[in-house]
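Residue 184 is where the sequence shown starts when you use this note's numbering, and the numbers rise one by one after that.
Taking it in order: structure first as structure tokens, then the write-up.
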Amino acid sequence: YDALRAQRRDIFFSLSNNHVKNLYAGIEEVSTVANAWRTTTDIVDNWGRVANDIGFAQDRWAKYARPGHFNDADMLWVGLAGLSEAENRAHFSLLALMASPLLVGSDLTKLSVAEVAMLSNSEIIELDQDALGLQGNLIDQQGDVGVYAKPLSDCGARGVVLLNRGERTADATVSWDALGLSSGAASVRDLWAARELDAAR
Numbered sequence: 184y185d186a187l188r189a190q191r192r193d194i195f196f197s198l199s200n201n202h203v204k205n206l207y208a209g210i211e212e213v214s215t216v217a218n219a220w221r222t223t224t225d226i227v228d229n230w231g232r233v234a235n236d237i238g239f240a241q242d243r244w245a246k247y248a249r250p251g252h253f254n255d256a257d258m259l260w261v262g263l264a265g266l267s268e269a270e271n272r273a274h275f276s277l278l279a280l281m282a283s284p285l286l287v288g289s290d291l292t293k294l295s296v297a298e299v300a301m302l303s304n305s306e307i308i309e310l311d312q313d314a315l316g317l318q319g320n321l322i323d324q325q326g327d328v329g330v331y332a333k334p335l336s337d338c339g340a341r342g343v344v345l346l347n348r349g350e351r352t353a354d355a356t357v358s359w360d361a362l363g364l365s366s367g368a369a370s371v372r373d374l375w376a377a378r379e380l381d382a383a384r
């Protein structure tokens, strides 16, 4: 660490980890010296693994995320055969919500046009790299639908992900109070569709 600090150039110091339990025991120290630290074991292209171990097991790390110091939930594997388009989108959305480093682990030369478009979605990338640097987390569970939210740097702005883990379509609602906002009208934007939705109250 001292050798890295002595360098006269910018360095992003990222710690890998295959023993998350050990990392959790030492997270207070790790989060003060590293720019990023792995919070998972190695990802594989299987939705159950991505969902249960990567995407939905990250809340305990949220309080350590801040500008320049990030929880790393491993590679973004959009484009691998084991995940569907919807699962890829959910995976990307969750990593962006938690401000995880976006490191693409798939072969870029084999991506489809749709997969390239997904990975280059500037609004999802902006959600991940918001200047406030905070990690979003689960704020409500409505049946199969998890409601995740992340404070953003723009005054009163929130990033929200509604994630349906069920086999059927489902409805979910989010109150301003649950997001830490006062009541009133607000603009809502669908980042994947890149369009404004009807004003919500």
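Where a beta carbon is used, it is the ideal one built from N, C-alpha and C, also for glycine.
Keep in mind that this is a model prediction, so the values were computed, not measured.
Given that a residue counts as buried once 16 or more other Cβ atoms are within 10 Å of its Cβ, and exposed if not, what is residue i?
i      : result
Gln324 : exposed
Gly251 : exposed
Trp375 : exposed
Phe196 : exposed
Going by DSSP, which residues form a beta bridge with residue i?
i      : result
Ser303 : In the DSSP output, where bridge partners are listed per residue, Ser303 has none listed.
Asp323 : Val330
Leu294 : Paired residues: none, contrary to the question.
Arg249 : His252
Ser197 : Ala219
Starting from residue i, follow the alpha helix (DSSP H) in both directions and report where the run begins and ends.
i      : result
Ser370 : Not the alpha helix (DSSP H): Ser370 falls in the beta strand (DSSP E), residues Ala369 to Asp373.
Glu350 : Looking at the DSSP string, Glu350 is not in any alpha helix (DSSP H), and its letter there is neither H nor E.
Phe275 : Glu268 to Leu280
Asp337 : No alpha helix (DSSP H) contains Asp337, which DSSP labels as neither H nor E.
Asp185 : Asp185 to Arg188
Terminal residues of the continuous beta strand (DSSP E) containing residue i?
i      : result
Asp255 : Phe253 to Asp255
Arg341 : Arg341 to Asn347
Which whole-angstrom value is the C-beta distance of residue i and residue j, which I expect to be below 8 Å?
i      : j      : result
Phe253 : Asn304 : Not confirmed; about 19 Å, so no contact.
Gly349 : Asp327 : 3 Å
Is residue i close to chain C? Criterion is C-beta to C-beta, closer than 7 Å.
i      : result
Leu266 : In the displayed structure, chain C is absent; only one protein chain is listed.
Would the C-beta of residue i count as close to the ligand ATP, meaning under 6 Å from any of its heavy atoms?
i      : result
Trp244 : You won't find the ligand ATP in this model; it holds no ligand whatsoever.
- Complete runs of the beta strand (DSSP E) confined to the region 206 to 239 [at least 3 residues]: 219 to 221
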